[in-house]
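Protein chains: 2
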Amino acid sequence: MARKTGSHSQITGPLVRQAALRLFAQGGYAAVSMRQIASEVGLQAGALYLYTPDKQTLLFTLMHEHLEELLTAWEAVEKPVAPIEQLQAFTRFHIRFHLERLDAVFIANMELRNLSDENFAVIEKLRKAYEDGLQSILEAGHATGAFRVPDLKLATLAIIAMLTGVNTWYREGGRLSRDRVERIYWNMVRRSVGA
Amino acid sequence: MARKTGSHSQITGPLVRQAALRLFAQGGYAAVSMRQIASEVGLQAGALYLYTPDKQTLLFTLMHEHLEELLTAWEAVEKPVAPIEQLQAFTRFHIRFHLERLDAVFIANMELRNLSDENFAVIEKLRKAYEDGLQSILEAGHATGAFRVPDLKLATLAIIAMLTGVNTWYREGGRLSRDRVERIYWNMVRRSVGA
DNA sequence: CCTTGAACTGAACGCCTGTTCAGATAAGGA
DNA sequence: TCCTTATCTGAACAGGCGTTCAGTTCAAGG
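These protein sequences, in sequence, are chains A and B. When we follow the numbering used here, the leftmost residue of the first sequence carries the number 57, and every step to the right adds one. When we follow the numbering used here, the leftmost residue of the second sequence carries the number 57, and every step to the right adds one.
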């Protein structure tokens, strides 16, 4: 499937995923039909099955690609030594990365219940791996005495929830620049861990 | 409709809403059929239309009742004088109220896009009113110098996102008691506003 | 006892769903 | 030029959807 010498454009697959991403984010997985997705790419519904075995796998692929990209991007960030600077790097990275992918983040947070049990397990594992990235920073800061947090796990979840919340209201060209938002949130995050 | 002398139980309406609440939270509005809801209450699908004009109004009613209850409950809370104590009262109230209504909160956060424009406007207004409750506390604390927040609106949204995030992981009988969770989060909220 | 009327059933309406598949199309290699 | 092969269409399938409505049931009021 999808050989190097495909007769047509060989970029239809990504176009399908892109359309599905936008439509799922807009209307929700269950409310979007295969025919709508196909029409967005200029195809008939049947043709989609050249690019995905079924609708649910299409959803899973979108989430999976998003989370893999998230983990890869975070790994690629240069990490400072001091925990407080690591936490700042995380804060800015998280806001920036998530704001650049409103649709994918929305889907990854809202459509978990539409995954099969096996697919859900895979996604949850990736999500957990990302959380662990933040938690290990908090642990390091706890060890050096830079942070004072009563519960590492709760602090991890609270910070991620707070930061991801930006996605629900921030829009390009609004009252505050993205950089300003990052600074303000960093200020709150820093103080929430007592640093 | 629903006169005082109804011949049957006259509690079917609430039972329908209760079933719809649970099913919508579990599977999502679009994925749940009227026949499923009816079956949960022991009725045929047609009978549901004695209690709601259509499926979408049923969703709207659930959200509307939830938010009205939220506002009423917060108004009923006795407010301390000092802003910092008001903020603590808000934190504990928010966590407690939301943890007692997992399904309704989930729906109110996830199914906004399935509302008609007019219904959405009503719900958004109520949500905004609740946010204003927190924001006025932050303003009061800013005025007295008790809090140091660079941006009142952002702090409001960040705190609410952080607190509502508890719903995604807290389960009765878990590692931490609800009271302990409330204390830990209050600690983080307090520090995030520099108090 | 008879009438009223709310509560409910069961069938039907037109439409949409995810998925399959035989057949058409057209480009590349030999 | 012919053959192979990836790509895509258009129709079909079985089933589910929200909603309507004529007709049945049955408790309560007069």
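Note that the Cβ used here is the ideal one computed from N, Cα and C, for glycine as well.
CB contact below 9 Å: residue i versus chain B
| i | result |
| --- | --- |
| D207 (chain A) | yes |
| R169 (chain A) | yes |
| N175 (chain A) | no |
| R247 (chain A) | yes |
| M244 (chain A) | yes |
Contact with chain A by residue i, beta-carbon distance below 9 Å
| i | result |
| --- | --- |
| G201 (chain B) | no |
| G229 (chain B) | no |
| M166 (chain B) | yes |
| W225 (chain B) | yes |
| R239 (chain B) | yes |
| V72 (chain B) | no |
| I215 (chain B) | yes |
| Y11 (chain B) | In this structure chain B extends from 57 to 251, so residue 11 (chain B) is not present and cannot be described. |
| V161 (chain B) | no |
| L210 (chain B) | yes |
| Q66 (chain B) | no |
| T220 (chain B) | yes |
| R59 (chain B) | Interpretation of R59 (chain B) is limited by its pLDDT of 33, a score under 50 that renders its predicted location unreliable; no figure is taken from the coordinates. |
| Q82 (chain B) | yes |
| L232 (chain B) | yes |
| G189 (chain B) | no |
Run of the alpha helix (DSSP H) containing residue i, from where it starts to where it stops
| i | result |
| --- | --- |
| V245 (chain B) | 234 to 248 |
| R183 (chain A) | 173 to 200 |
| R73 (chain A) | 68 to 83 |
| S95 (chain A) | 90 to 97 |
| T212 (chain A) | 208 to 220 |
C-alpha gap between residue i and residue j, whole angstroms
| i | j | result |
| --- | --- | --- |
| V222 (chain B) | L182 (chain A) | 20 Å |
| L123 (chain A) | A199 (chain B) | 43 Å |
| V133 (chain A) | L126 (chain A) | 11 Å |
| E187 (chain B) | I216 (chain B) | 8 Å |
| L168 (chain B) | G189 (chain B) | 21 Å |
| F162 (chain A) | K135 (chain B) | 36 Å |
| A75 (chain A) | G201 (chain A) | 48 Å |
| H154 (chain A) | T220 (chain A) | 7 Å |
| E131 (chain B) | F149 (chain B) | 11 Å |
| I151 (chain B) | Y226 (chain B) | 10 Å |
| D159 (chain B) | F203 (chain A) | 35 Å |
| L104 (chain B) | S95 (chain B) | 10 Å |
Sub-9 Å separation of residue i and residue j beta-carbons
| i | j | result |
| --- | --- | --- |
| I240 (chain A) | P206 (chain B) | yes |
| L71 (chain B) | V97 (chain B) | yes |
| Q112 (chain B) | N165 (chain B) | no |
| G84 (chain A) | A86 (chain B) | yes |
| S248 (chain B) | S248 (chain A) | yes |
| Y107 (chain A) | R73 (chain A) | yes |
| W242 (chain B) | Q82 (chain B) | no |
| V237 (chain B) | L210 (chain A) | yes |
Contact test: residue i Cβ vs the ligand SAM heavy atom, cutoff 8 Å
| i | result |
| --- | --- |
| I93 (chain A) | Of the ligands one can find in the structure shown there are none, so the ligand SAM has no counterpart to examine. |
| Going along the chain, which unbroken runs of the alpha helix (DSSP H) with 4 or more residues stay wholly within the segment 123 to 165 of chain B? | 139 to 155
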